[in-house]
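Take a look at the structure below.
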Amino acid sequence: MNDTTFLGMPAFPSAAKSALDNAQLRRNLAHATDTIRGKRAHAVGELDDWEELREAGRAIKERTLRHLDRYLIQVEERVTAAGGHVHWARDAEEARRIVIDLVQATGEREVVKVKSMATQEIGLNEALADAGISAYETDLAELIVQLGQDHPSHILVPAIHRNRAEIRDIFVRAMGDYGTAAPAGLSDDPHALAEAARRHLREKFLRAKVAVSGANFLVAETGTAVVVESEGNGRMCLTLPDTLISVVGIEKVVPTWRDLEVFLQLLPRSSTGERMNPYTSTWTGTAADDGPSTFHLVLLDAGRTDTLADPIGRQALNCIRCSACLNVCPVYERAGGHAYGSVYPGPIGAILTPQLRGTTSAVDRSLPYASTLCGACYEVCPVKINIPEVLVHLRARVVDDSRRRRIPTPEKLAMSAARWVLSHPSRLAAVQRAGSAAGRLAGRRGRISRLPGPLSAWTETRDAPAPPTETFRAWWRRNR
Amino acid sequence: MNARDDVLARVRRALADVPDDERPQDVPVDRRYSAGGTPPAGPPDLVQLLAERLTDYGASVRPVTSDEVAAAVAQAVSARGAHSVVVPRGFPPQWQAALAAERVLTDEPRLPVEQLDRIGGVVTTVATAIAATGTLVLDCGPGQGRRALTLVPDYHLCVVRAEQIVASVPEALARLAPVRPLTFISGPSATSDIELDRVEGVHGPRTLQVLVISDPPNPLGTPLES
Chain A
1 MNDTTFLGMP AFPSAAKSAL DNAQLRRNLA HATDTIRGKR AHAVGELDDW EELREAGRAI
61 KERTLRHLDR YLIQVEERVT AAGGHVHWAR DAEEARRIVI DLVQATGERE VVKVKSMATQ
121 EIGLNEALAD AGISAYETDL AELIVQLGQD HPSHILVPAI HRNRAEIRDI FVRAMGDYGT
181 AAPAGLSDDP HALAEAARRH LREKFLRAKV AVSGANFLVA ETGTAVVVES EGNGRMCLTL
241 PDTLISVVGI EKVVPTWRDL EVFLQLLPRS STGERMNPYT STWTGTAADD GPSTFHLVLL
301 DAGRTDTLAD PIGRQALNCI RCSACLNVCP VYERAGGHAY GSVYPGPIGA ILTPQLRGTT
361 SAVDRSLPYA STLCGACYEV CPVKINIPEV LVHLRARVVD DSRRRRIPTP EKLAMSAARW
421 VLSHPSRLAA VQRAGSAAGR LAGRRGRISR LPGPLSAWTE TRDAPAPPTE TFRAWWRRNR
Chain B
1001 MNARDDVLAR VRRALADVPD DERPQDVPVD RRYSAGGTPP AGPPDLVQLL AERLTDYGAS
1061 VRPVTSDEVA AAVAQAVSAR GAHSVVVPRG FPPQWQAALA AERVLTDEPR LPVEQLDRIG
1121 GVVTTVATAI AATGTLVLDC GPGQGRRALT LVPDYHLCVV RAEQIVASVP EALARLAPVR
1181 PLTFISGPSA TSDIELDRVE GVHGPRTLQV LVISDPPNPL GTPLES
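Residue numbers (our numbering), protein chains in the order written: chain A, 1 to 480; chain B, 1001 to 1226.
Now the structure itself:
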């Protein structure tokens, strides 16, 4: 299990059910996703060549993944030649160990962090805390999550489940515990909240000696790392400290510098719905007289090679973490991100998490079903990940897994019974006669709202139609 | 086996379906997307587009002629009320001629970060600018300084020459050298983290002003001296 933050999460249906009871959460999500959907549509509509860009993005990712070994070696060569140090981590545990050792080697006890899905995924902050190192999240939404001792619920905006009033309360309550307190009389105006975050974090930026980041892209040809951000917290972390440690999934590689011309158009428009995000930083190893003098790149596997091994499932590694699929997903909009039990929620999470972690836990087995297969996610995906295709593929894998299990599930028993019934006409006729007799007794207004025994799983979330009072065979005999 | 060899071996095992003789270029990448962006080429249009797009994201933009740059720089700094500004090495002397000398700091020797935090602002040039996205790109070249200079102060005044403006992201990347640390700036710092609505002004400079030097076409068809 790579993920530590969500350990012991219940399966998606039960987690979603409790989330649906939270009216505030649903209001916050509906408001935020509605806003961003409109912005994205506008930003994408400005480009005549959007479909061509999507196709190029997909193709570049396919080329990269099919030759990933050679590109990883190239990254290592170029980063090393540019003065950086490259480390390889087979799994989350190894990556955490590498980062802790690197921080401890500097003698520092605190690090500033740029928002990074990879470090969230490996539970780095908790591991650093256990090693006596304070990790300060500097992205505004990550700060809200950290101060609120909460879990992220969205890839781009981890605190999307919080509205401005809740954020104000968290700032007032917790900022003082970590450093500069929130100003007296803080309002819930977003400008005032942003100002409070600026004041709170500035002292940390100015004194930080070590920063930990991820990267949106790693260019194999040049060894260049890229961080795309908005607030300037990324620039602070990438520029001011002496030591920079970047933890990057091996799928983040792109072959050439030119390839960025595609992704730097696709990502901001898909993500925040902007023509370009306020700040993008690129760096190649270390530079004389500018920025950190020591740069460590930690290349992370942690289930990515397992994902790569599945020719259908591997397209999930195309993901550039824009979160457009979350914002259009009717299931995500109602259930929220926490129900997915992973730092990767929404449609992409439903196909990525079970592949990265395997389908051994209840929540991971349930994720491929956390979708209506409406296909909206595929339509907006800037790198054309066919999410419905992978969902169906993973459902088949989950079913195949359960076939190998000894204790049959109610579903499996029902399927065996159905096979016995449907394989002979006289059995079917007998069952239909029994069914219409039951229908005359049980059906009220043509619906059954509670089925007995294991069948109750079906009627927990929906009504079952009552069987007709007369079977088709009987009607046919009467009217022939 | 060490982690490096192990990960690489796993990658190769995972790619068992890829034919041994397949080369990366055998996986086609169709680059039919536009390399030149939406707007037609030509400096006057690009200046307008850059100005419009920068303004849209909260920067203020003022078109000036070559003759007006020095006065416009001094005026902007005064209007800002900046007691001092840092002007990196390589910034054209004629553009800072009207700035009061006692207000100007160079970054030599390097200013400590605490001082940068108190300074009134920074005045720089750019490496290139992208009209379609309203983006300024800094590559730490002459007149731009190290990255911290345009990050820690709360005010950034940036001077762009019209011929530095390209239409699109692809054109800009083709002009830039990845070996240098690059910063792409599209408006002042901002966040969408509160209810996914954009709020300008977080950690980077909260005020971004841009002077775009665009001289009227010379009727004689030869470049004007600046």
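C-beta: ideal position from N, C-alpha, C; glycine also.
Nothing here was measured: the structure is a model prediction, and the numbers come from that model.
Residue i to residue j, Cα distance in whole Å?
{"i": "E51(A)", "j": "N22(A)", "result": "38 angstroms"}
{"i": "V1126(B)", "j": "P1188(B)", "result": "15 angstroms"}
{"i": "A105(A)", "j": "A89(A)", "result": "18 angstroms"}
{"i": "Y1155(B)", "j": "D1117(B)", "result": "11 angstroms"}
{"i": "T469(A)", "j": "T459(A)", "result": "20 angstroms"}
{"i": "R1110(B)", "j": "A287(A)", "result": "15 angstroms"}
{"i": "A1167(B)", "j": "S323(A)", "result": "27 angstroms"}
{"i": "S1160(B)", "j": "V227(A)", "result": "The sequence shown places Val at residue 1160(B), not Ser. Cα to Cα, the separation comes out at about 24 angstroms."}
{"i": "P152(A)", "j": "A350(A)", "result": "16 angstroms"}
{"i": "P368(A)", "j": "V392(A)", "result": "7 angstroms"}
{"i": "A16(A)", "j": "D139(A)", "result": "27 angstroms"}
{"i": "V1228(B)", "j": "V1073(B)", "result": "Outside the shown range of chain B, which is 1001 to 1226, sits residue 1228(B), and nothing can be said about it."}
{"i": "H191(A)", "j": "K39(A)", "result": "20 angstroms"}
{"i": "A474(A)", "j": "A457(A)", "result": "31 angstroms"}
{"i": "I60(A)", "j": "A159(A)", "result": "32 angstroms"}
{"i": "G176(A)", "j": "E1068(B)", "result": "49 angstroms"}
{"i": "S18(A)", "j": "E229(A)", "result": "33 angstroms"}
{"i": "P1040(B)", "j": "Y279(A)", "result": "Low confidence applies here, because P1040(B) scores a pLDDT of 48, under 50, leaving its location unreliable and the question unanswered by this model."}
{"i": "E1171(B)", "j": "V1086(B)", "result": "30 angstroms"}
{"i": "H1203(B)", "j": "G232(A)", "result": "5 angstroms"}
{"i": "A197(A)", "j": "L156(A)", "result": "18 angstroms"}
Based on DSSP bridge pairs, tell me the residues matched to residue i.
{"i": "F472(A)", "result": "None; F472(A) has no bridge partner."}
{"i": "G1121(B)", "result": "V1085(B)"}
{"i": "E495(A)", "result": "In this structure chain A extends from 1 to 480, so residue 495(A) is not present and cannot be described."}
{"i": "H85(A)", "result": "H296(A)"}
{"i": "S416(A)", "result": "Looking at the DSSP assignment, S416(A) forms no beta bridge with any residue, so it has no partner."}
{"i": "F263(A)", "result": "F263(A) pairs with nothing; no bridge assigned."}
{"i": "G249(A)", "result": "L300(A)"}
{"i": "E137(A)", "result": "K113(A)"}
{"i": "T243(A)", "result": "V210(A) and T294(A)"}
{"i": "A287(A)", "result": "D290(A)"}
If the cut is a Cβ gap below 7 angstroms, which residues of chain A does residue i touch?
{"i": "D1197(B)", "result": "T35 and P190"}
{"i": "T1191(B)", "result": "L140, A194, S230 and E231"}
{"i": "T1135(B)", "result": "M276"}
Along chain A, in chain order, which residues have C-beta atoms closer than 8 angstroms to that of residue i?
{"i": "L1138(B)", "result": "Result: empty, since nearest Cβ-Cβ is about 10 angstroms, beyond 8 angstroms."}
{"i": "P1268(B)", "result": "Only positions 1001 to 1226 of chain B appear in the structure, and residue 1268(B) is not among them; the question remains open."}
{"i": "E1052(B)", "result": "The premise fails here: E1052(B) is roughly 11 angstroms from chain A at the closest Cβ pair, so nothing lies under 8 angstroms."}
Using 8 angstroms for Cβ pairs, my map puts residue i next to residue j. What's the rounded Cβ distance?
{"i": "G291(A)", "j": "H161(A)", "result": "That belief does not hold up - the Cβ atoms of G291(A) and H161(A) are roughly 35 angstroms apart, past 8 angstroms."}
{"i": "V103(A)", "j": "A211(A)", "result": "Incorrect: roughly 10 angstroms between the Cβ atoms, too far for contact."}
{"i": "N277(A)", "j": "K252(A)", "result": "That pair is no contact at about 17 angstroms."}
{"i": "K113(A)", "j": "A135(A)", "result": "5 angstroms"}
{"i": "T1124(B)", "j": "Q1144(B)", "result": "5 angstroms"}
{"i": "V1199(B)", "j": "T1191(B)", "result": "5 angstroms"}
{"i": "S246(A)", "j": "S271(A)", "result": "The pair is not a contact, with the Cβ atoms about 20 angstroms apart (cut-off 8 angstroms)."}
{"i": "I250(A)", "j": "D301(A)", "result": "6 angstroms"}
Can you list the residues of chain B that residue i reaches, using a CB-CB cut of under 9 angstroms?
{"i": "N277(A)", "result": "F1184, S1186 and A1190"}
{"i": "S281(A)", "result": "R1147, P1181, L1182, T1183 and F1184"}
{"i": "E94(A)", "result": "A1003"}
{"i": "E291(A)", "result": "The sequence as given places Gly at residue 291(A); Glu does not occur at that position. Simply R1146, R1147, A1148 and P1181."}
Residue i touches chain B at which residues, Cβ-Cβ below 7 angstroms?
{"i": "A32(A)", "result": "E1195 and L1196"}
{"i": "H67(A)", "result": "P1024"}
{"i": "Q265(A)", "result": "V1169"}
{"i": "R97(A)", "result": "Ordered by position in chain B, no residue passes the 7 angstroms Cβ test against R97(A), which lies about 10 angstroms from the chain."}
{"i": "I167(A)", "result": "I1194"}
{"i": "R63(A)", "result": "P1024, V1027 and V1029"}
So residue i contacts chain A; which residues on that side make the cut at Cβ distance below 9 angstroms?
{"i": "T1106(B)", "result": "Going along chain A, no residue has its Cβ under 9 angstroms from T1106(B), so there is no contact; the nearest lies around 14 angstroms."}
{"i": "R1032(B)", "result": "D49, E52, E55 and A56"}
{"i": "D1006(B)", "result": "W88, R90 and D301"}
{"i": "L1173(B)", "result": "W257, R258, L260, E261 and L264"}
What does residue i touch in chain E if you count any residue whose Cβ is under 7 angstroms from its own?
{"i": "R164(A)", "result": "The structure shown contains no chain E; its protein chains are A and B."}
Closer than 8 angstroms by beta-carbon distance: list the chain B residues that pair up with residue i, in chain order.
{"i": "R235(A)", "result": "R1147, L1151, T1183, H1203 and G1204"}
TODO: Can you check the segment 346-403 of chain A for any beta strand (DSSP E) of at least 3 residues that lies completely inside it and give the ranges in chain order?
DONE: Those beta strand (DSSP E) runs which fall completely within the segment 346-403 of chain A and span 3+ residues do not exist here.
Open item on the list: Please give the ranges of any alpha helix (DSSP H) in the segment 1165-1215 of chain B, keeping only runs that are unbroken, at least 4 residues long and fully inside the region.
Closed with: 1169-1175, all fully within the segment 1165-1215 of chain B.
TODO: Pick out the complete alpha helix (DSSP H) segments inside the segment 1090-1166 of chain B, 4 residues or longer, and give them in chain order.
DONE: If only uninterrupted alpha helix (DSSP H) runs of at least 4 residues are considered, those enclosed by the segment 1090-1166 of chain B are 1113-1118.
Open item on the list: Threshold first: 4 residues or longer. Then list the alpha helix (DSSP H) segments lying entirely within the segment 144-191 of chain A, N to C.
Closed with: Fully enclosed alpha helix (DSSP H) runs of 4 or longer: 164-178.
Task: Ranges of the alpha helix (DSSP H) found wholly within the segment 7-77 of chain A, counting only runs of at least 4 - done: For the segment 7-77 of chain A, whole alpha helix (DSSP H) runs of length 4 or above, ordered along the chain, are 12-20, 23-45 and 50-66.
TODO: Scan the segment 1026-1081 of chain B and note each continuous beta strand (DSSP E) run of 3 residues or more that stays entirely inside, going in chain order.
DONE: Whole beta strand (DSSP E) segments, 3+ residues: 1060-1064.
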